[in-house]
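Novice:
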Amino acid sequence: MAALRLILADQLSESIASLQGLDKDQDTVLLCELMEEATYVHHHPKKIAFLFSAMRHFTAGLEATGVRVRYVKLDDPANTGSFTGEVQRAVKELKLSRLIVTEPGEYRILQMMQGWQAALGIPVEILPDTRFLASHAEFAAWTKGKKQLRMEFFYRDMRKKHAILMEPDGKPTGGEWNYDKENRKPPKAGMKSPPRISHKKSAITKEVLALVKERFSHHFGMLEPFHYAVTREEALMELEHFITHLLPNFGDYQDAMVTGEPYLYHSFISSYLNAGLLLPLEICEKAETAYRAGSAPLNAVEGFIRQILGWREYIRGIYWHFMPEYSERNSLNTTRPLPDFYWGAPTDMFCVAEAVRHTRDHAYSHHIQRLMITGNFALLAGLDVKAVQEWYLAVYSDAYEWVEMPNTLGMSLFGDGGIVASKPYAASGKYIHRMSNYCEKCNYDPDEMTGEKACPFNALYWDFLVRHEDKFRGNQRMPYVFSTWDKFAPEKQKSIRAQAITTLRKMSGGTL
Ligand SMILES: Cc1cc2nc3c(=O)[nH]c(=O)nc-3n(C[C@H](O)[C@H](O)[C@H](O)COP(=O)(O)OP(=O)(O)OC[C@H]3O[C@@H](n4cnc5c(N)ncnc54)[C@H](O)[C@@H]3O)c2cc1C
Ligand code: SF4
3 MAALRLILAD QLSESIASLQ GLDKDQDTVL LCELMEEATY VHHHPKKIAF LFSAMRHFTA
63 GLEATGVRVR YVKLDDPANT GSFTGEVQRA VKELKLSRLI VTEPGEYRIL QMMQGWQAAL
123 GIPVEILPDT RFLASHAEFA AWTKGKKQLR MEFFYRDMRK KHAILMEPDG KPTGGEWNYD
183 KENRKPPKAG MKSPPRISHK KSAITKEVLA LVKERFSHHF GMLEPFHYAV TREEALMELE
243 HFITHLLPNF GDYQDAMVTG EPYLYHSFIS SYLNAGLLLP LEICEKAETA YRAGSAPLNA
303 VEGFIRQILG WREYIRGIYW HFMPEYSERN SLNTTRPLPD FYWGAPTDMF CVAEAVRHTR
363 DHAYSHHIQR LMITGNFALL AGLDVKAVQE WYLAVYSDAY EWVEMPNTLG MSLFGDGGIV
423 ASKPYAASGK YIHRMSNYCE KCNYDPDEMT GEKACPFNAL YWDFLVRHED KFRGNQRMPY
483 VFSTWDKFAP EKQKSIRAQA ITTLRKMSGG TL
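Residue numbers (our numbering): 3 to 514.
(1) Just list the residues that DSSP pairs V103 with in beta bridges.
(2) Please tell me whether, using a cut-off of 7 Å, the distance from the CB of C353 to the nearest non-hydrogen atom of ligand 2 is below it.
(3) To the nearest angstrom, how far is the alpha carbon of E95 from that of I18?
(4) By DSSP, does P227 sit in helix, in strand, or in coil?
(5) For the alpha helix (DSSP H) that contains C186, what are its first and last residues?
(6) DSSP has V71 in a bridge; who is on the other side?
(7) Just curious, the alpha helix (DSSP H) that M1 is in, first and last residue?
(8) Flag this pair as touching only if the segment 439 to 446 and the segment 139 to 157 have three or more C-beta atom pairs under 8 Å; answer yes or no.
(9) If the criterion is Cβ atoms closer than 8 Å, does the pair T30 and L6 meet it?
(10) Would you report the Cα separation of L248 and A237, rounded to the nearest angstrom?
(11) Quick check: what's the CA-CA separation for L21 versus R499?
(12) Could you have a look at V260 and say whether DSSP puts it in helix, strand or coil?
(13) What does the Cβ neighbour count give for N335, buried or exposed, with the cut at 16 atoms within 10 Å?
(14) What do you reckon, is the C-beta of F466 under 7 Å from a heavy atom of ligand 2?
(15) Return the first residue and the last residue of the alpha helix (DSSP H) that C286 is part of.
(16) Using only alpha-carbon positions, find the residue among S438, D78, L14 that is nearest to G192.
(17) Taking C-alpha atoms, which residue in M480, H243, F222 lies nearest to A423?
(18) Leaving aside the five residues before and after P492 along the sequence, list all residues of the same chain whose C-beta is less than 6 Å from its C-beta, in chain order.
(19) By the DSSP assignment, the alpha helix (DSSP H) with T246 in it spans what residues?
(20) Mapping the DSSP letters down to three states, classify R499 as helix, strand or coil.
(21) Comparing the CB of H435 with every heavy atom of ligand 2, is any distance shorter than 7 Å?
(22) DSSP three-state label for R338, please.
(23) Check whether the Cβ of P458 sits closer than 7 Å to any heavy atom of ligand 2, and report yes or no.
(24) If we count the other Cβ atoms within 10 Å of its Cβ and call it buried at 16 or more, is I503 buried or exposed?
(25) When the Cα of T519 is compared with those of S399, H364, D363, W345, which residue comes out closest?
(26) So I370 and M259 are supposed to be a Cβ contact under 8 Å. How far apart are they, rounded?
(27) Indicate whether L36 and L213 have their beta-carbon atoms separated by less than 8 Å.
(28) Specify the secondary structure class of E428 as computed by DSSP and reduced to three states.
(29) Looking only at C-alpha atoms, which of Y267, M239, L112 sits nearest to P188?
(30) Just curious, the alpha helix (DSSP H) that W144 is in, first and last residue?
(31) Under 8 Å, with one C-beta from each stretch per pair, do the segment 192 to 212 and the segment 57 to 73 reach the 3-pair mark?
(32) Name the DSSP beta bridge partners of D447, please?
(33) Looking at L241 and L280, is the spacing between their C-beta atoms short of 8 Å?
(34) Give the DSSP-derived three-state secondary structure of P481 in the structure shown.
(35) Given a cut-off of 8 Å, decide if H220 and H46 are closer than it, judged by their beta-carbon atoms.
(36) Go ahead and pull the three-state DSSP assignment for M351.
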């Protein structure tokens with residue numbers, strides 16, 4: 003029976019389940035550039051260009067091996083703009099009698115797919131996404147009987163299952179599971195990351211850039227310069243470059259932030275991995291090989307592997323385990339609108355402006371900027387969880403709901419009530435001052451708590467804790483912070499809270 007095999011923009015892997023068993027004589031592969039998907043949140047132009055170009059290159063690769071592909075370009079006059087419309091059109095025009103898809107990374111699209119069998123009147127097979135290292139059933143089994151779903155224990159099971167950084171006696175390599183305590187060094191003075199790769203633009207990429215410029219210039223973010231890898235070969239070059247030149251320092255400076263350095267020693271592979279140009283196990287194996295060959299230290303390699311084998315798989319597990327109810331959570335009842343400085347309006351907070359600048363220019367900022375600058379501010383200021391999630395989903399080239407939502411709602415905003423994070427990632431300006439050189443350039447002073455020059459993070463930090471005292475005072479990981487607050491004189495407490503009100507007013511008035 004001739005099949006239509008739909009490939010989504012983040013399924014650009016030859017090993018994707020829906021391409022297995024393909025019959026080159028009968029089957030057709032469908033890829034489509036859709037207005038609905040590019041605009042349901044206003045995705046960063048670089049993200050749209052990266053995905054369209056990667057899809058077109060992936061298609062060329064399939065066609066070169068004799069696979070029949072129906073590729074619907076955005077500006078094709080017949081393009082209906084939606085998945086359902088394009089699948090319907092292809093089935094009808096090509097007279098195909100079954101549809102094969104791989105499960106998507108978003109609950110909304112899964113629901114859509116589940117309605118297709120009835121709508122199309124042909125069998126629809128939704129296959130599991132076997133590129134992930136833990137299946138839904140495996141994750142669900144792991145959660146059974148657990149009061150808390152801590153990533154660390156899930157990660158240890160994944161290390162054992164995939165024999166990554168494990169010794170023949172069943173012990174973790176080096177004797178410890180986790181070397182995070184070695185991975186919190188502040189940046190050295192004058193620190194710069196080694197140069198990154200910039201890829202030559204192919205004719206396909208140039209055509210896509212012209213299209214995106216014409217259609218999506220009003221979205222937040224700079225389209226050019228465009229430096230992304232768009233093929234598996236180029237993505238593998240990025241990975242090799244990281245393993246050779248950056249991985250050795252990844253651990254030490256994982257939490258550091260430096261002005262003008264968006265990547266430092268981070269890998270910048272998440273967009274490629276999430277779109278399917280790279281696969282998680284091959285990345286972990288290459289990192290382990292670097293350690294075994296003596297070219298990268300254990301704290302760096304273990305820390306890096308934990309992000310992929312641990313955090314990434316765990317985050318996906320959380321999303322599918324708790325959806326759709328997860329998306330409605332807002333455990334701290336936050337409602338404040340997102341200030342304009344998230345979209346590039348001026349702010350005197352240098353750290354926020356710098357993280358937003360990196361985001362605007364590269365559709366990227368590294369984990370600590372996302373968590374401890376833009377995320378931390380949103381948490382302390384009580385910004386509306388939906389608006390914050392929409393921002394993260396739109397502005398980063400690696401953002402898909404399965405990975406964005408638990409990171410934003412769960413890890414960053416504590417909006418899931420503590421499933422992902424055992425305590426809120428809340429920090430004052432002191433943390434940012436220690437881990438970056440941002441404060442040197444700022445109009446605010448990280449050492450001041452109150453007054454015109456006081457760093458806004460400071461009063462907001464205490465105000466946040468006191469605002470949610472009922473939730474956090476009993477938290478076993480937070481007794482120290484509340485005992486510090488209790489030791490402040492009542493007048494000091496009062497002035498801190500008054501400062502927080504002034505800060506929030508300035509934020510609303512656009513003058514922070
Ligand atoms: C509020 C917030 C939103 C985020 N949204 C996304 C998102 O939409 N998409 C996304 O891929 N990551 C997201 N992350 C996680 C993380 O910040 C990015 O994966 C990372 O910054 C990507 O850059 P990199 O490739 O240089 O990563 P590195 O720091 O080099 O890490 C290596 C890889 O580990 C994986 N990884 C690391 N941390 C996480 C994590 N917490 N969750 C899942 N994978 C992880 C990524 O695949 C990454 O490429 C978010 C984090 C926060 C705090
Ligand atoms: S002083 Fe405060 S607002 Fe300014 S850069 Fe430092 S932490 Fe950010």
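Glycine included, each C-beta is placed from N, C-alpha and C at the ideal position.
Specialist: On the basis of the coordinates in this document:
(1) L8, I128
(2) yes
(3) 25 Å
(4) coil
(5) With the sequence shown as reference, residue 186 is identified as Arg, and Cys is not the correct amino acid for it. Neither: R186 is in no alpha helix (DSSP H) and is coded neither H nor E.
(6) V31
(7) The shown model of the chain, from 3 to 514, leaves out residue 1, and the question about it has no answer.
(8) no
(9) yes
(10) 15 Å
(11) 58 Å
(12) strand
(13) exposed
(14) no
(15) 282 to 294
(16) S438
(17) M480
(18) none
(19) Counting along the chain, T246 falls outside any alpha helix (DSSP H), and DSSP gives it neither H nor E.
(20) helix
(21) yes
(22) strand
(23) yes
(24) exposed
(25) Residue 519 lies beyond the stretch modelled for the chain, which goes from 3 to 514, so this question has no answer here.
(26) 6 Å
(27) no
(28) A small correction: the amino acid at residue 428 is Ala; Glu does not occupy that position in the sequence shown. Correct three-state label for A428: coil.
(29) Y267
(30) 138 to 145
(31) yes
(32) A456
(33) yes
(34) helix
(35) no
(36) coil
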